[in-house]
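Take the sequence shown: its letters are residues 1 to 314, numbered as in UniProt numbering.
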Amino acid sequence: MKDLLRTEHLSRADVDLLLDTAADFAKNPLRSNTALSNKTVAIYMTKPSTRTRLASETAVAHLGGTPIFIRGDDLQLGRGETIADTAKIISGFCDALIIRTFKQSDVDELGAESSIPVINGLTDDDHPTQLLADWVTIRENFGNDIKGRKFVYLGDGNNMTHAWLIMGAIMGAHVVAATPDGKWAPDAAVVAKAKEIAAKSGGTIEVTTDAEAAAKGASVLYTDVWMSMGDPEVERTEKMKALAPYAVTENLMSLTEKDSIFMHCLPAHRGEEVEASVIDGPKSVIWREAYHRRTTIQALLYHLTRGELKGLPR
Ligand code: CP
Ligand code: NVA
């Protein structure tokens, strides 16, 4: 596997390797500080980022490489140069590319046209690097035996929901997405893909509109912002109303398992998708989760540049 373009391209063996290496980087961040020496990694983002950008730049630095951050319209891509031509130029100068943008198809094309590893740092449809950080954090809390545990995402059926369902399926977990019906439900094709993967891994995929039933007995309640980057502002009022029942409240947390945790990819809007007392409370693992954005991107860069990820047959 040359790139990480979509969560669904990872095999279980790849995820296990990445999580183990990330756990190791958490203990010893400078273990491989010459892995990328004399190498450069381009980080190109057409959407804002706090964590993914900082995690990526520091991960490259910890591996001994040089990050090159390129913002928004700085490239000629914004003035009509093709993705294929851009990919050839970046491949000529850099050793890997981390890209955050709107369309998944643009990231797929960059991967296909580049000779260097391309990593999806978030699109409208997926957020694979976030899920790696989430699962290192989950393992730190529950160990590797997740049998009988329920992993619940509540809120907008967006890129995070998709990645949550697919990664949960790869891990053989019982994953649930509780979202409104219709416009803000997860993409049906993604749910079908998650079910297909789960059928082989022993996982279970559940999509429901019932937030309380979902929260009951859960080990994890996970949520994300209700307005994602690029979402139409005109829909805000209608969307907030539709999502209100999915806010992670003290009441919902009280239905979960005794050792349950609260997770959020961040940024958060306290008082919207989560109550302040939950996200800032004793069950919240958000800071550790955010910390693992670096350890996992570091692991990903390390193994991808060494050609050590296998991927799934496509
Ligand atoms: N979770 C996450 O991707 O955060 P940023 O948007 O700040 O990168
Ligand atoms: N769903 C959010 C995730 C941010 C990390 C967005 O796409 O804006």
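Backbone N, C-alpha and C fix where the C-beta goes; we use that ideal spot for every residue, glycine too.
Shown in chain order are the residues whose CB sits closer than 7 Å to a heavy atom of the ligand CP: P48, S49, T50, R51, T52, R53, L122, H127, Q130, C265, L266, P267 and R293.
Between P267 and D24, the alpha-carbon positions lie close to 26 Å from each other. Closest option to S37, judged by alpha-carbon separation, among K27, D95, L75 and M1: D95. Excluding residues up to 5 positions away in sequence, M227 lie with their Cβ nearer than 7 Å to the Cβ of R236 in the same chain.
An exposed status is given to E238, since fewer than 16 other beta-carbon atoms sit within 10 Å of its beta-carbon. Rounded to whole angstroms, the gap between the alpha carbons of A163 and R294 is 18 Å. Note that the C-beta distance between G311 and L10 is below 8 Å. The segment 120-140 makes contact with the segment 167-183: 3 or more CB pairs, one atom from each, lie closer than 8 Å. CA-to-CA, the gap between R270 and D85 works out to about 43 Å. Bridge pairing for S284: F262 [DSSP]. A distance below 8 Å between beta-carbons, with the five flanking residues on each side excluded, links I83 to the following residues of its chain, in chain order: L77, D106, E109, L110 and E113.
Straight-line spacing of the CA atoms in K147 and T305 works out to 33 Å. Beta-carbon to beta-carbon, G155 and T223 are separated by about 5 Å, close enough to satisfy the 8 Å threshold.
Scanning K200, N144 and A214 for the CA closest to the CA of A177 turns up A214. Between the segment 50-67 and the segment 286-293, the count of Cβ pairs shorter than 8 Å is three or higher; the stretches touch.
In this model, V175 and F151 are separated by some 5 Å (Cα to Cα). Annotated as distal: K39 and G80, with beta-carbon spacing of 8 Å or more. Distance from R53 to M45 at the Cβ level is roughly 6 Å; contact confirmed, criterion being Cβ atoms closer than 8 Å. Approximately 13 Å separates the beta-carbon atoms of L63 and N28; this is outside 8 Å, ruling out the contact. The DSSP-derived three-state label of E257 is coil.
Remark: the C-beta of S56 is outside contact range of the ligand NVA, defined as less than 7 Å to any heavy atom. Only residues of its own chain outside the window of five on either side were considered, and among them N141, V220, K283 and V285 have a CB closer than 6 Å to the CB of I261, listed in chain order.
DSSP, read as helix, strand or coil, puts L221 in strand.
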